[in-house]
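In our numbering, the protein residues as written are 25 to 311.
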């Protein structure tokens with residue numbers, strides 16, 4: 025592997041046959057192991073970015089999903105030039121005493137491999153529910169420093185979450201009707217506004233209903249629709265999955281959420297279309 029001190033990036037090259045620089049064969053476990061190096065410090069300097077460079081484009085495409093899950097940059101050599109297939113986030117490494125930026129909540133997909141050691145909680149709890157994680161980080165506008173458990177000190181995770189959400193509210197989000205039966209939330213960190221009851225209540229008010237369906241497939245994306253509009257529900261369920269799979273940045277959830285009274289209450293059954301047509305059972309799940 026090669027380390028660039030100027031770019032603070034660790035690069036692993038994958039040749040024909042998925043052979044790594046140390047002679048081992050690349051697999052998803054080794055990608056996760058590489059991802060854990062982001063945020064660590066070598067003798068030459070800190071690692072703020074980890075990237076895989078595939079000499080065979082089809083190999084890169086085969087492991088693109090794993091790179092997205094693990095949040096590492098995926099590159100391929102195409103016609104003699106390196107092209108970025110997935111641009112991962114950069115994790116700025118700073119001493120504790122030099123923390124800068126604004127603390128904000130950061131939603132992560134359920135399979136995010138860096139949860140260990142990072143302050144977090146599940147967005148939704150309940151038997152059989154696998155949902156995204158609520159994490160926190162200091163945004164410096166160019167990088168994000170995660171809130172680790174070691175950073176908590178005498179404060180609780182709940183203290184940090186309250187501060188992060190207060191900072192989120194200060195960004196001045198305003199939900200907007202983008203169609204007669206759909207509300208969008210424009211702006212960076214829009215997806216995290218699902219954590220703000222007052223904004224979710226405003227979405228419900230604009231849709232003239234109590235129960236709304238909220239889609240947050242990826243970063244900076246939030247769409248709300250009426251939960252009793254089954255045609256729209258079916259469209260949103262399908263589009264949420266598609267946007268999650270195709271996301272070029274941070275992914276959050278392939279399944280939309282049910283929100284009532286400003287709070288996340290449950291998820292949409294992935295078999296909602298069939299259930300709505302063929303049975304009297306609810307097409308939603310509450311916890």
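For each residue, glycine too, the CB sits at the ideal point set by N, CA and C.
Worksheet item: Looking at the structure shown, is residue 43 part of a helix, part of a strand, or coil, going by DSSP?
Response: strand
Practice prompt. Please say whether residue 195 and residue 242 have beta carbons closer to each other than 9 Å?
Written response: no
Discussion item. Would you say the beta carbon of residue 215 is closer than 8 Å to some non-hydrogen atom of the ligand PLP?
Written reply: With respect to the ligand PLP, the structure offers nothing, as it holds no ligand at all.
Worksheet item: Out of curiosity, what's the CA-to-CA distance linking residue 31 and residue 149?
Response: 39 Å
Worksheet item: Quick one: what's got a C-beta closer than 8 Å to residue 60's C-beta in the same chain, skipping five residues either side?
Response: 137, 138
Fill in: Check whether residue 100 and residue 77 have beta carbons under 9 Å apart
yes
Practice prompt. Report the option in 277, 292, 286, 284 whose CA atom is closest to the CA atom of residue 146.
Written response: 277
Worksheet item: Taking the continuous beta strand (DSSP E) assigned at residue 132, which residues delimit it?
Response: 126 to 132
Discussion item. Tell me which residues share the same chain as residue 26 and place their Cβ nearer than 7 Å to its Cβ, disregarding the 5 neighbours each side in the sequence.
Written reply: 35
Worksheet item: In angstroms, rounded to a whole number, what distance separates the CA positions of residue 129 and residue 237?
Response: 21 Å
Discussion item. If you follow the alpha helix (DSSP H) that residue 242 is in, where does it begin and where does it stop?
Written reply: Premise fails: residue 242 is in no alpha helix (DSSP H) and is neither H nor E.
Worksheet item: Where does residue 40 land, buried or exposed, given buried means 16+ other C-beta within 10 angstroms?
Response: exposed
Practice prompt. Following the continuous beta strand (DSSP E) through residue 290, name the residue where it begins and the one where it ends.
Written response: 287 to 292
Worksheet item: Does the Cβ-Cβ distance between residue 169 and residue 219 come in under 9 Å?
Response: no
Worksheet item: Quick one: Cα of residue 56 to Cα of residue 94, how far?
Response: 6 Å
Worksheet item: If you draw a straight line from the C-alpha of residue 160 to the C-alpha of residue 221, how long is it?
Response: 18 Å
Worksheet item: Between residue 113 and the rest of its own chain, which residues show a CB-CB distance below 7 Å, the 5 nearest in sequence each way excluded?
Response: 95, 168, 274
Discussion item. By the DSSP assignment, the alpha helix (DSSP H) with residue 258 in it spans what residues?
Written reply: 254 to 270
Discussion item. By the DSSP assignment, the alpha helix (DSSP H) with residue 55 in it spans what residues?
Written reply: 52 to 59
Discussion item. My assumption, with CB atoms under 8 Å, is that residue 384 sits in contact with residue 181. Please give the rounded CB distance.
Written reply: In the structure as shown, the chain begins at 25 and stops at 311. Residue 384 is therefore absent and cannot be evaluated.
Discussion item. Tell me the DSSP secondary structure of residue 75 in three-state form.
Written reply: strand
Worksheet entry | Close beta carbons around residue 49, own chain, < 8 Å, minus the five adjacent residues each side | 41, 42, 43
Worksheet item: Which first and last residues belong to the beta strand (DSSP E) in which residue 110 is found?
Response: 105 to 110
Item to complete: Report yes if the CB atom of residue 163 is closer than 9 Å to the CB atom of residue 125, and no otherwise.
Response: yes
Worksheet item: In the DSSP assignment, what are the bridge partners of residue 99?
Response: 77, 108
Worksheet item: Do you know how far the Cα of residue 253 is from the Cα of residue 92?
Response: 32 Å
Discussion item. Going by DSSP in three states, residue 63 sits in which element: helix, strand or coil?
Written reply: coil
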